[in-house]
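Residue numbering for the sequence shown follows the working numbering, beginning at 1019 and increasing consecutively. In this text, a Cβ means the ideal position worked out from N, Cα and C, and glycines have one as well.
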Amino acid sequence: MTSLSQNAFKVSKNPGGFTVSFEVFPPLSDIGQTNLLQVARDLERFGPSFFSVTYGAGGGTQKRTLDTLQQITDETSHKLAGHLTCVGATKTQTDAVAQSYKAMGVKSIVALRGDKPKDQDKYIPHEGGYANATELVAGLKNIGGFDISVAAYPEIHPDSANRKADLDNLKAKFDAGADRAITQFFFDNQVYYDFLEATADHGITAPIVPGILLIHDFNNVKRFAKMCNTNVPEWLKARFEGLEDDPAGQQLVAVSTAVEQVLELASHGVRHFHFYTMNKSNLAIAVCRALGLNTRQTCAPSLETSVV
Ligand SMILES: Cc1cc2nc3c(=O)[nH]c(=O)nc-3n(C[C@H](O)[C@H](O)[C@H](O)COP(=O)(O)OP(=O)(O)OC[C@H]3O[C@@H](n4cnc5c(N)ncnc54)[C@H](O)[C@@H]3O)c2cc1C
């Protein structure tokens, strides 16, 4: 009798032909920075297409993105992507950040509008800044030499009037020159399949990569999902019910949930996955191994480095 994994993938390096990418955020502290570097090293073995670092509003966090990109560039072999938003900056200032990415060898950008400040009802573009992601993509194309990803919303962006307005906006980002979209996280795979169908009907042919949130803290996820318009299905709530004070139990459920989601997507032909890692490597490692990805069969990169 053959096992499911043998049936599905046979035993070889990356037999499913999967590619992955990982997303992290710039840490606030020195210890967070050290931990993140270890996460980057832990995930090197899966040979991601890119390793992306988010970008927040305001000068301080922008510097942290640049510093994080620089450190991971210096210490690992990852191909990096820098996120970039339009928030709080003129076009010239935003362009200067893109040029800094390029100067450090980061030629992939995840181009975003960014969120409105908490105390505002709606997003107000910065005077002299890019008004939205479409304008930012056009600005980056003008500079030239970037691979550009944009955001997509299977459950519709909270600012969108309806599905059509959302799809029009996504189409505009591709028409401006984006190479692919990465989705907001979702838990119900059918939502993603329906979205792919809707984008195809809308004339969108570029890749739309599923963004997979790895659940490290279910209460936080519920809060975040509400802000993002992501539905948290009842079956998922039931899985985590009663585990509030049981981190180990939560982790087991999180691993099985993520593996199940990813393998189901894989069975529908999905070959690239973007993981929201929350700056932790354990769940990402479990899922990548379940996909049959373990391109370096030796010990962790951090140990290899210390042997050299
Ligand atoms: C993969 C991914 C990565 C992300 N990374 C970051 C990050 O690093 N930093 C960060 O701050 N945030 C990040 N976000 C969140 C993102 O910034 C927010 O979702 C933001 O509210 C929208 O950004 P966008 O690029 O999708 O905006 P856009 O595509 O520009 O549009 C967002 C909404 O505004 C509407 N809209 C746009 N232009 C107009 C217009 N001219 N008139 C009327 N309506 C308009 C659109 O219909 C759409 O609903 C990320 C999201 C995803 C999915």
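Local conformation of residue i per DSSP, three classes
i, result
"ASP1165", "strand"
"SER1252", "The question names Ser, yet the displayed sequence has Glu at residue 1252. Three-state DSSP puts GLU1252 in a helix."
"SER1118", "helix"
"GLY1267", "helix"
"LEU1214", "helix"
"GLY1157", "helix"
"ASP1308", "The identity of residue 1308 in the sequence shown is Ala, whereas the question assumes Asp. Residue state, collapsed to three classes: helix."
"ALA1284", "helix"
"GLN1024", "With a pLDDT of only 46 at GLN1024, under the threshold of 50, the placement of this residue in the model should not be trusted; the figure read from the coordinates follows. DSSP places GLN1024 in helix when its eight states are reduced to three."
"ILE1226", "strand"
"ALA1149", "coil"
"ASN1032", "coil"
"ASP1113", "helix"
"SER1320", "Legend: pLDDT at SER1320 = 32, less than 50; position of this residue unreliable, no value from coordinates given."
"VAL1326", "Unreliable positioning characterises VAL1326 in this predicted model, as indicated by a pLDDT of 22, which lies under 50. A coordinate reading is not provided."
"MET1019", "The pLDDT assigned to MET1019 is 46, lower than 50, so where the model puts this residue is not dependable, and the model offers no usable value."
The beta strand (DSSP E) enclosing residue i, as first and last residue numbers
i, result
"VAL1071", "1068-1071"
"LEU1102", "1098-1102"
"ARG1198", "1198-1201"
"TYR1294", "1290-1294"
"PHE1040", "1037-1042"
N- and C-terminal bounds of the alpha helix (DSSP H) containing residue i
i, result
"ALA1328", "No statement about residue 1328 is possible, as the shown extent of the chain runs from 1019 to 1326 and does not include it."
"GLY1260", "No alpha helix (DSSP H) contains GLY1260, which DSSP labels as neither H nor E."
"VAL1105", "It is not in any alpha helix (DSSP H) - VAL1105 carries neither H nor E in the DSSP assignment."
"VAL1124", "Note, VAL1124: premise wrong, no alpha helix (DSSP H); not H, not E."
"ILE1230", "It is not in any alpha helix (DSSP H) - ILE1230 instead sits in the beta strand (DSSP E) that spans 1229-1231."
"LYS1329", "In the structure as shown, the chain begins at 1019 and stops at 1326. Residue 1329 is therefore absent and cannot be evaluated."
"PHE1204", "Segment: none, PHE1204 is in no alpha helix (DSSP H) and carries neither H nor E."
"ASN1187", "1181-1193"
Nearest-angstrom Cβ-Cβ length linking residue i and residue j, presumed shorter than 8 angstroms
i, j, result
"SER1067", "THR1037", "5 angstroms"
"HIS1292", "PRO1228", "7 angstroms"
"LYS1125", "ASP1165", "6 angstroms"
"TYR1073", "THR1103", "6 angstroms"
"LEU1130", "ALA1151", "5 angstroms"
"THR1248", "PHE1203", "6 angstroms"
"LYS1189", "GLY1221", "7 angstroms"
"VAL1273", "LEU1231", "Their Cβ separation, rounded to whole angstroms, is 13 angstroms, which puts VAL1273 and LEU1231 out of contact at 8 angstroms."
"ASP1060", "ILE1303", "6 angstroms"
"ALA1276", "VAL1305", "5 angstroms"
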